[in-house]
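Read in order, the letters of the first sequence correspond to residues 0 to 256 in numbering that gives the first Met the number 0. One structure is given here, and the rest of the page talks about it.
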Amino acid sequence: MSRAMKIATWNLNSLKVRLPHLLDWLAAEQPDALCLQELKCEDRAFPLAEIEAAGYHAIFNGQKTYNGVAILSRVKADAVSRDIPGFADEQKRVIAATIAGVRVISAYFPNGQTVGSEKYAYKLAWLAALTSYLKEELLNYPRLVLAGDFNIAPEACDAHPDWQEEILVSPPERDAFRVLLGLGLEDAFRHFVQPEKSFSWWDYRMMAFRRNFGLRIDHLLVSAALAPTLTASWVDKAPRKLERPSDHAPVVLTLDA
DNA sequence: ATGGCCACCGAGGGTGGA
Numbered sequence: 000m001s002r003a004m005k006i007a008t009w010n011l012n013s014l015k016v017r018l019p020h021l022l023d024w025l026a027a028e029q030p031d032a033l034c035l036q037e038l039k040c041e042d043r044a045f046p047l048a049e050i051e052a053a054g055y056h057a058i059f060n061g062q063k064t065y066n067g068v069a070i071l072s073r074v075k076a077d078a079v080s081r082d083i084p085g086f087a088d089e090q091k092r093v094i095a096a097t098i099a100g101v102r103v104i105s106a107y108f109p110n111g112q113t114v115g116s117e118k119y120a121y122k123l124a125w126l127a128a129l130t131s132y133l134k135e136e137l138l139n140y141p142r143l144v145l146a147g148d149f150n151i152a153p154e155a156c157d158a159h160p161d162w163q164e165e166i167l168v169s170p171p172e173r174d175a176f177r178v179l180l181g182l183g184l185e186d187a188f189r190h191f192v193q194p195e196k197s198f199s200w201w202d203y204r205m206m207a208f209r210r211n212f213g214l215r216i217d218h219l220l221v222s223a224a225l226a227p228t229l230t231a232s233w234v235d236k237a238p239r240k241l242e243r244p245s246d247h248a249p250v251v252l253t254l255d256a
């Protein structure tokens, strides 16, 4: 018997500020699992009551001011794991759990700031650690989704032609993305024919959203066991049009597994 | 024009994001 699932990822850029948008989106879209990033919220301040009132369970891994990830789910999450095992890191960027038989990982990849900076070196080291972790996770959980803000636009078509920065599109970052695919993961969005200039992030400045001056840096990668079950994937630009939006839009997949 | 916006902390402007 097959079961339809809707799984999404959304960098909220502050859970506190975006809570009304989040609750509206949950009510409208009813995802089975929603991976969140950039909570900027300590665990003790997590708005659990509001999330539960919306009909969702929540697991979270937060810190003050920066980073912070969570997974919301219709059914309770099992086998919860936080951070990258064996990778010493103060920054709260990873949480994983099994939801309705699917291993779901919510990840907030480092930004990297500028190519060659210390933060860039941290990004590449973090990517290597994540890759080792994913290799292990795939052995334990063949039905897996890696979702989050990757801070990498994997191909030329994933960045607006006028994007002048090296960061988010540099060859070492794109190589790291391809190494993840090489583990047997597939970009759910690219499993389907998509409109040109499909992006998931637009800068707050320069009227970037109105001009569709953006990047596709939020992704859902699915394991080989799940890829044949995909039924759709899209970017939901609606929340980016609201007052005081996150600079990221939710990215969604559906599957029938 | 080498910044423009937004959120954070905390009480003013510095830091970080992408």
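Positions of the beta carbon are idealized from the N, C-alpha and C atoms, including for glycine. Bear in mind that the values here come from a model prediction, so they are computed numbers and not experimental data.
Annotation for VAL178: THR130 place their beta carbon closer than 7 Å to its own, counting only its chain and skipping 5 residues before and after. Here ASN10 is not near GLU41, since their CB atoms are 8 Å or more apart.
For the 8 Å CB-CB criterion, LEU137 and SER222 form a contact.
Look at the beta carbons and you see the segment 106 to 121 not touching the segment 155 to 162: under three pairs across the two are nearer than 8 Å. Residue nearest to PRO153 within the set PHE176, LEU220, LEU25 is PHE176 (criterion: CA-CA distance). In this structure, the straight-line span from the alpha carbon of TYR65 to that of GLY147 is close to 16 Å. MET205 sits away from VAL101, with the two beta carbons spaced by 8 Å or more. Annotation for ASN10: the continuous beta strand (DSSP E) segment containing it runs 3 to 10.
In the assembly as shown, SER1 is an exposed residue. Its beta-carbon has fewer than 16 other beta-carbons within 10 Å. Apart from the 5 residues on each side of it in sequence, GLU51 sits with its Cβ closer than 8 Å to the Cβ of ALA57 in its chain, given in chain order.
Taking 8 Å as the upper bound for CB-CB distance, GLY213 and PHE198 are in contact here, some 3 Å apart. The Cβ neighbour count for LEU252, taken over all protein chains shown within 10 Å, is at least 16; the residue is labelled buried.
Between SER80 and ALA95, the gap from beta carbon to beta carbon is short of 8 Å. Distance from the CA of ALA78 to the CA of TYR55, rounded to the nearest whole angstrom, comes to 17 Å. Along the segment 122 to 199, the alpha helix (DSSP H) occurs as fully enclosed runs of 4 or more residues at 170 to 181, listed in sequence order. Taking the CA atoms as reference points, GLU165 sits about 19 Å from TYR107. The beta-carbon distance between LEU33 and VAL144, rounded to whole angstroms, is 12 Å. This is too long to meet the 8 Å contact definition. For ALA48, the secondary structure class from DSSP, reduced to helix, strand or coil, is helix.
Going by DSSP, LEU25 is part of the alpha helix (DSSP H) stretching over 14 to 28. The beta carbons of VAL68 and SER105 sit about 5 Å from each other, so the pair counts as a contact at 8 Å. Beta-bridge analysis with DSSP links CYS34 to THR8, ILE70.
Bridge partners of GLY213 according to DSSP: TRP201.
DSSP lists no bridge partner for TYR119. Here LEU241 is exposed. Its C-beta has fewer than 16 other C-beta atoms within 10 Å. Look at ARG43 here: in three-state DSSP terms it is helix. One thing to note: ASP202 has its Cβ no nearer than 8 Å to the Cβ of VAL250.
At least 8 Å separates the beta-carbon of SER232 from that of PRO238.
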